[in-house]
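Enquirer:
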Amino acid sequence: MGGCAHLHAASGYSARYGASHPSDLVKRAAERGVGTLALTDRDTVAGAVRFAKAAAGAGIRPVFGVDVAVAPFGPAAAGPNGAAGPNGAAGPNGAARPNGAPVPNGAARPNGATGPAAGPPAAPGGSARPSAGGARTPVRGGAHVAEPALRVTLLARDADGWARLCRLVSAAHADAAGGPPVVSRQVLERYAGQGLVVMLGPVSEPVRALASGRPDLAERLLAPWRELAGPDLRLEVLWYGLPGTGPGSLRLAARTLDLADRLGIPAVLTNAVRYADPAQHRIADVLDAARLLRPIDRRRLDCGERWLKGPAEMAEAAERIAAAAGAHPGSGPGRAAELLAETARTAELCAVDPKADLGIAAGRPAFPEQEAVGAAPGPSGAADLLRRRCAEGMFARGLDRDPRAVERLEYELGVIGKLGFESYFLAVAQVVSDIRSMGIRVAARGSGAGSMVNHALFIATANPLEHHLLFERFLSVRRASLPDIDLDVESARRLEVYDRIIERFGTERVAVAGMPETYRARHALRDTGLALGLAPQVVDRIAKAFPHIRACDIRDALTTLPELKQLAAEAGSFGPLWELAEGLDALPRGYAMHPCGVIISNASLLDRLPVQPTPGGKYPMVQADKHDVEDLGLVKLDVLGVRMQSAMAHAVAEIRRTTGRQLDLDNPDHVRLDDPGAFELIRQARTVGMFQLESPGQQDLVSRLQPRGVQDVIADISLFRPGPVKGGMPALYIAARHGAAPRYPHPDLEPVLADTYGVTIWHEQIIDIFAVMTGCDRALGEIARRALAGPGRLPRVEAWFRRQAGARGYGEEVLDEVWEIVAAFGAYGFCRAHAVAFAVPALQSAWLKAHHPAALYAGLLEHDPGMWPPRVIVSDARRHGVPVLPVDVDRSDPGHRVERTPDGTWGVRLALSSVKGISEEQTARIAAGRPYAGLQDFWERARPALPVAERLVRIGALDALRGPLTRRDLLLQLSELHRHTGSRAADGQLALGGELVTAEPSGLPEMTSREALTAEIDILSIDVSQHLMEHHHRLLREIGATDSAHLAEMGPGRPVLVAGVRASTQTPPIPSGKRIIFVTLEDGRGLVDIAFFEDSHEACAHTVFHSGLLLVRGTVEARGPRRTVVGHMVWNLEEIAAARRDHGPEAALALLGRADPAPTPAQAAATPAHGPGAARTPAAGPRAVCRGGGGLRPVSYTVSYTPPRAQRTGRPTPPPRSSGAWTT
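Under the working numbering, the first residue of the sequence shown carries the number 306, and numbering increases by one thereafter.
1. Whole angstroms is fine: what's the gap from residue 1087's alpha carbon to residue 1143's?
2. Between the C-alpha atoms of residue 1147 and residue 801, what's the straight-line distance to the nearest angstrom?
3. What did DSSP end up calling residue 738 once you bin it into helix, strand or coil?
4. When you compare each of 872, 1159, 364 and 319 to residue 961 by their alpha carbons, which one comes out closest?
5. Using 8 Å for Cβ pairs, my map puts residue 818 next to residue 899. What's the rounded Cβ distance?
6. Between which residues of its own chain and residue 1530 is the CB-CB distance below 7 Å, once the five residues before and five after are set aside?
7. Who does residue 465 pair with in a DSSP beta bridge?
8. Would residue 1322 and residue 1333 qualify as a contact pair, given that the criterion is a beta-carbon distance under 8 Å?
9. Among 1365, 1013 and 1357, which residue has its Cα nearest to the Cα of residue 1341?
10. I believe residue 536 touches residue 564 by the beta-carbon criterion, under 8 Å. Please report the beta-carbon distance rounded to the nearest angstrom.
11. Judging by CA-CA distance, which residue of 754, 761 and 1345 is the nearest neighbour of residue 701?
12. Going by alpha carbons, who is nearest to residue 261 out of 523, 607, 594 and 555?
13. Pick from 491, 929 and 944: whose alpha carbon is nearest that of residue 248?
14. Nearest-angstrom Cα distance between residue 1339 and residue 1451?
15. Does the count of Cβ pairs from the stretch 713-728 and the stretch 678-693 closer than 8 Å reach three?
16. Provide the residue(s) that pair with residue 311 in DSSP beta bridges, ordered along the chain.
17. Which residue or residues does DSSP assign as beta-bridge partners of residue 1241?
18. Helix or strand or just coil, what does DSSP make of residue 950?
19. Return helix, strand or coil for residue 1370, following the three-state DSSP convention.
20. Between which two residues does the alpha helix (DSSP H) containing residue 821 stretch?
21. Which residue wins for smallest C-alpha separation from residue 1411, given the options 525, 474, 1369 and 308?
22. Does residue 1214 come out as helix, strand or coil in the three-state DSSP assignment?
23. Have a look at 742, 769, 740 and 743 and flag the residue whose alpha-carbon is nearest the alpha-carbon of residue 754.
24. Which of helix, strand or coil does DSSP assign to residue 929?
25. Please state whether the Cβ-Cβ distance between residue 698 and residue 763 is less than 8 Å.
26. Less than 7 Å between C-beta atoms, sequence neighbours within five positions excluded: which residues of the same chain meet that for residue 756?
27. Once DSSP output is grouped into helix, strand and coil, what is the label at residue 1502?
28. Between the alpha carbons of residue 987 and residue 1345, how many angstroms are there, rounded?
29. So who's on the other strand from residue 576, going by DSSP bridges?
30. Could you give the C-beta distance for residue 1378 and residue 1421, rounded to a whole number, given that I count them as a contact under 8 Å?
31. Report the CB separation of residue 485 from residue 507 in whole angstroms; it is logged as a contact under 8 Å.
32. Is the beta carbon of residue 1217 sitting closer than 8 Å to the one on residue 1191?
33. Please list, in chain order, all residues of the same chain as residue 695 whose beta carbon is under 8 Å from its beta carbon, the five residues on each side excluded.
34. In angstroms with no decimal places, state the Cα-to-Cα distance between residue 674 and residue 1130.
35. Take the Cβ of residue 727 as the centre, count every other Cβ of all protein chains shown within 10 Å, and call the residue buried at 16 or more, exposed below.
36. May I have the straight-line CA-CA distance separating residue 311 from residue 371, to the nearest angstrom?
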């Protein structure tokens, strides 16, 4: 074996501890001549699969292990944490000063500096300087973080050792009870007896006793470990050049080696690696601070030596340790060589094969056993049962006498049988049947929706023959990939589905997939800023200013994004913040439950991967993400909680409750997918609340496409993807759809492309193009299609395509044109089966909006399924004639409900649960206690918390109970009721018991409409009593603004002022690669879509991203029948309104009427005072001052202003007025 061996290395999967990704460790190992590398993350093997794959690619021999915390293992004579008792010299962490006095928390750096530690002991070398005092105050006012003091490292020798390791880690997490996992002695005795190498290092009980100068105690503490591990026990020695006797010191390493020689226990040399390169020690410091919730202490820094050293550095360490152990016979160069040789022998013992033992890329999927899916024993049990279930399903669907359908079914069953996947399909069918039996909506999506078997098993809804869906896109004998069926279920009941799957198959076969939560810009800045000791409010301001980008892009964003210009100006004052935060990029900071992945395996699951409880503690979660799970051959079923499915289920339930109609959305006799009313709404782009069709971009696309049937909607969903948009496919499709003659590269391809007017949209079309032109089967065509996504494989695919198609008589011009289409397709293709699956709920939600709008809006508000905030849903409801009724304690339920209004119209009554801060228990008590006679009755029987009761009063939820009182009077009465209740409780008495707390009108005025509106937005996030923009109508008329309803009447190219509440802000990828900011404003009469191009970002970006109410000057642009706006300038509408309120209409016009408008304060913060072409005269009119923390926080809907002095420089020229501007 060439090179040296590292047997102890942590990666970033040791959350907030390891500072390098597994692939980076492997890369450095290969570069530095390390032949064997062990990944031993703390309490997890979540990085094992990626480590194994990286090692295979780099020629590194992988060893798999784990670094675990252990409970005290030795005799009772040992003191806390395994240190010596009263007669020993050990301090709390087992280290000692040279004179024998305790060293509370560690050792010193090579420079000898000392000082207090920032917390409990770190692993070897993690604590660099001795402590002279207590722990520092944690950040955020949090509690001190106590980490387990004792740790050992375990290495798997073989497949049995790996299984034992998995079971041991699972047991540690199961016993953790919400705290850090600690392995008990009983668990060690159960699993660590064979197949595992046990390494005791500087933070184990025996070695800590050595650090305290107690070799006798160390020997006693070693006895049970020797009995447990036998010949697989190792003592771990390491040296970081630190003084003293603590971890990383030469004296402790020498003592450990002496003890190993004296007792005949093999010793191994490690470096307890935490990072790949020396410079990353600063990242380790940040991670320590984040993990311990304390700022970095300069006296407790990482030693800087825990990097992945090469053979020369490790040999030098061995020689220094052997020389320091010189009193023992055989020490010196020979002992150093023996130490390195024993390390290599131990590495050779650890022979877990990633493919044979872990199943990585082994092609052996672990499906549930036949008996687990209800099949009879025997080799054909599952196949016979699958065929019988499919025959029953074909008969039920009326397809049993359709020759094409039967032929397709037989073909698919043959492929499934050759692959041995019968148990998987039976398992998924059982899951779907169970879900439906629970009354939960379920639908298949993805390529699995194109399978006739899935259709026959009632997994998938669409008949694949009707929609030209290809089974080969899903599964084929030529492709060694696992089947992938995704199920959409109601989001509100997703966990019920998990419970049923576990109940059906058992915890030995089922677990949820894990998901590392990795550092991105905002979290990286937060943890780094707090580690550097920045004030929490400063850290919060910085983090919120950044968009949701990768951490590695932080400094680039500071220099390129106009909205960060103010922050960039002060960047230098934050020292190394930016560089250190970038160093955290993509490192795991925690582990969470994947939002949809469920593993359904055979009974070997727990021997293949450890499981740990999900953060809520309810479900077993494998220590692998969804990609790793597939690499291991474990089958993942994606059970996606789709909020639109919940919204539609809620709507159906409300229809049944209010009308008695038993509506089945999946029954074509109940709901026609080609319903004329639904398509009329779609063509008018009135698609808010429609699944997949409601975004601003989709509204633009459907308005130009003008869909007439289901296939148009399927195409629309496929076209509105980043790839097709970037490739210009929508424009080509729309042109052909409205009359342009389709063009086909060759007549042979017309059958393939006819239903998309010659435009290639779907994966299935590429497969057929390959099949038609090369003569290959569709299975090979699918392999070629997949290769298009890899640029490095394109030349091979092209050569194959040209050779095969040319041999069949296609000319060079045809080949050139088709290959151009095919090669580009790798960037923009979409699966047709996926689009078909999406089109069904899209059209079902459109049908509900056309025929039962109130029920749909109730569902939308209840489950918040789309991109729009609730207040936009409410405004859309009003525009469609659906009244939105306020919260009322006597009429509102915990959920949103349909309610008939006095004029017979169906409206939506807002839910009690929409009140900020209210609990489920409080909503249930309020609903159970109705009706109420008055405020006191409500207070006594509903027993709300005082803040909740005050919020209910402020939004008018008790208006029906107040009589002649105002809301201010009710708030006073609430204070009295609360005071009386408190005094009674203090006296040990029960509630008021009929004693009346009278309330008389106080003479205080009623809340103004503005105050009521502010309360609604603050408490409900919805403007109920009136639209937020109504307070600005007068101003908007005076300045000539145009509302959304009249914008459609304006011709393209006209200048315009528009205003509204910012409803969405996006910066999606576009074909040119430039950055465009897309903003949607909601003004109470509709939506206005605005695009800000790069030339406007310098002046506009800051205000766009950090203001809630916007006034935009721009130019009208025509997009089909719709009108959008290209923005040139933007103001915070609240600031303009404040200027008008305090100084009259002329002041507002002065801010807007200049050729280069004087910026508002938010704009001034982001724009140079004298940019190119800027006016250099004082700004006309008053400037409103927005209190918003330097402009880095979003401006509230209600803002306070301080009017400064104003100077008039002449009468401003008002902007052009629209004939349809803001009338009341």
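Yeah, the Cβ is synthetic: ideal placement off N, Cα and C, and Gly gets one too.
Expert: Quick answer:
1. Here residue 1087 is taken as the residue at index 782 of the sequence shown, counted from 1. Here residue 1143 is taken as the residue at index 838 of the sequence shown, counted from 1. So the alpha carbons of these two residues sit roughly 22 Å apart.
2. For this step, residue 1147 is matched to residue 842 along the sequence shown. For this step, residue 801 is matched to residue 496 along the sequence shown. So the alpha carbons of these two residues sit roughly 24 Å apart.
3. Reading the sequence shown from its first residue, position 433 is the one you call residue 738. Three-state result, residue 738: helix.
4. The residue labelled residue 961 in the question sits at position 656 within the sequence shown. The residue with the shortest Cα to Cα distance from residue 961 is 1159.
5. Position 513 of the sequence shown, counted from the start, is the residue given in the question as residue 818. Position 594 of the sequence shown, counted from the start, is the residue given in the question as residue 899. Their Cβ separation, rounded to whole angstroms, is 4 Å, which keeps residue 818 and residue 899 in contact under 8 Å.
6. The first residue shown for the chain is 306 and the last is 1529, placing residue 1530 beyond what the model contains.
7. Taking the first residue of the sequence shown as 1, we reach residue 465 at position 160. Looking at the DSSP assignment, residue 465 forms no beta bridge with any residue, so it has no partner.
8. Taking the first residue of the sequence shown as 1, we reach residue 1322 at position 1017. Taking the first residue of the sequence shown as 1, we reach residue 1333 at position 1028. It is a contact, given that the beta carbons lie within the stated cut-off.
9. Looking up residue 1341 in the sequence shown gives position 1036. If we check each option's Cα against that of residue 1341, 1365 comes out closest.
10. On the sequence shown, residue 536 is found 231 positions in, with the first residue counted as 1. On the sequence shown, residue 564 is found 259 positions in, with the first residue counted as 1. About 17 Å; that fails the 8 Å criterion.
11. Here residue 701 corresponds to residue number 396 of the sequence shown, with the count starting at 1. If we check each option's Cα against that of residue 701, 761 comes out closest.
12. No information on residue 261 is available, as it lies outside the stretch 306 to 1529 that the chain covers here.
13. There is no way to answer for residue 248, as the model of the chain reaches only from 306 to 1529.
14. Counted from its first residue, the sequence shown places residue 1339 at position 1034. Counted from its first residue, the sequence shown places residue 1451 at position 1146. Rounded to the nearest angstrom, the two C-alpha atoms are 13 Å apart.
15. yes
16. In the sequence shown, the residue the question calls residue 311 occupies position 6. Answer is 342, bridged to residue 311.
17. Translated into positions along the sequence shown, residue 1241 becomes position 936. DSSP output for residue 1241 lists no bridge partner at all.
18. Position 645 of the sequence shown, counted from the start, is the residue given in the question as residue 950. Residue state, collapsed to three classes: helix.
19. Here residue 1370 corresponds to residue number 1065 of the sequence shown, with the count starting at 1. Residue 1370: strand per DSSP, three-state reduction.
20. Counting from 1 along the sequence shown, the entry for residue 821 is found at position 516. Taken as a continuous stretch (DSSP letters only), residue 821 belongs to no alpha helix (DSSP H), being part of the beta strand (DSSP E) at 815-823.
21. The residue given as residue 1411 occupies position 1106 in the sequence shown. If we check each option's Cα against that of residue 1411, 1369 comes out closest.
22. By one-based count along the sequence shown, residue 1214 stands at place 909. Residue 1214 falls in the strand class under three-state DSSP.
23. Reading the sequence shown from its first residue, position 449 is the one you call residue 754. When only C-alpha atoms are compared, the closest one is 769.
24. For this step, residue 929 is matched to residue 624 along the sequence shown. The answer is coil: DSSP assigns residue 929 none of H, G, I, E or B.
25. Walking along the sequence shown from the start, residue 698 turns up at place 393. Walking along the sequence shown from the start, residue 763 turns up at place 458. Yes; because the gap between Cβ atoms is below 8 Å, this pair is in contact.
26. To locate residue 756, count along the sequence shown from 1; it is residue 451. Once the five neighbours on either side are set aside, the close Cβ partners of residue 756 are 717, 765, 769, 776 and 779.
27. Numbered from its first residue, the sequence shown carries residue 1502 at position 1197. Residue confidence for residue 1502 is low, a pLDDT of 25 falling below 50, so the modelled location carries little weight; the figure read from the coordinates is stated next. Here residue 1502 sits in coil by DSSP.
28. Position 682 of the sequence shown, counting from 1, holds the residue named residue 987. Position 1040 of the sequence shown, counting from 1, holds the residue named residue 1345. Taking the straight line joining both Cα atoms gives about 31 Å.
29. The residue given as residue 576 occupies position 271 in the sequence shown. DSSP, once it has assigned bridges, lists no residue as partnering residue 576.
30. Reading the sequence shown from its first residue, position 1073 is the one you call residue 1378. Reading the sequence shown from its first residue, position 1116 is the one you call residue 1421. About 26 Å; that fails the 8 Å criterion.
31. Your numbering for residue 485 matches position 180 in the sequence shown. Your numbering for residue 507 matches position 202 in the sequence shown. Going by Cβ atoms, the distance from residue 485 to residue 507 rounds to 19 Å, so no, they are not a contact pair.
32. Position 912 of the sequence shown holds residue 1217. Position 886 of the sequence shown holds residue 1191. For residue 1217 and residue 1191, no; Cβs fall outside 8 Å.
33. Numbered from 1 along the sequence shown, position 390 holds the residue referred to as residue 695. Taken in chain order, the residues that qualify are 714, 718, 758, 761 and 762.
34. Residue mapping note: residue 674 aligns to position 369 of the sequence shown, counting from 1. Residue mapping note: residue 1130 aligns to position 825 of the sequence shown, counting from 1. Going by the C-alpha atoms only, they are around 40 Å apart.
35. Mapped onto the sequence shown, residue 727 falls at position 422. The residue is buried, with at least 16 neighbouring Cβ atoms inside 10 Å.
36. Counting from 1 along the sequence shown, the entry for residue 311 is found at position 6. Counting from 1 along the sequence shown, the entry for residue 371 is found at position 66. Using only the alpha carbons, I get a separation of about 13 Å.
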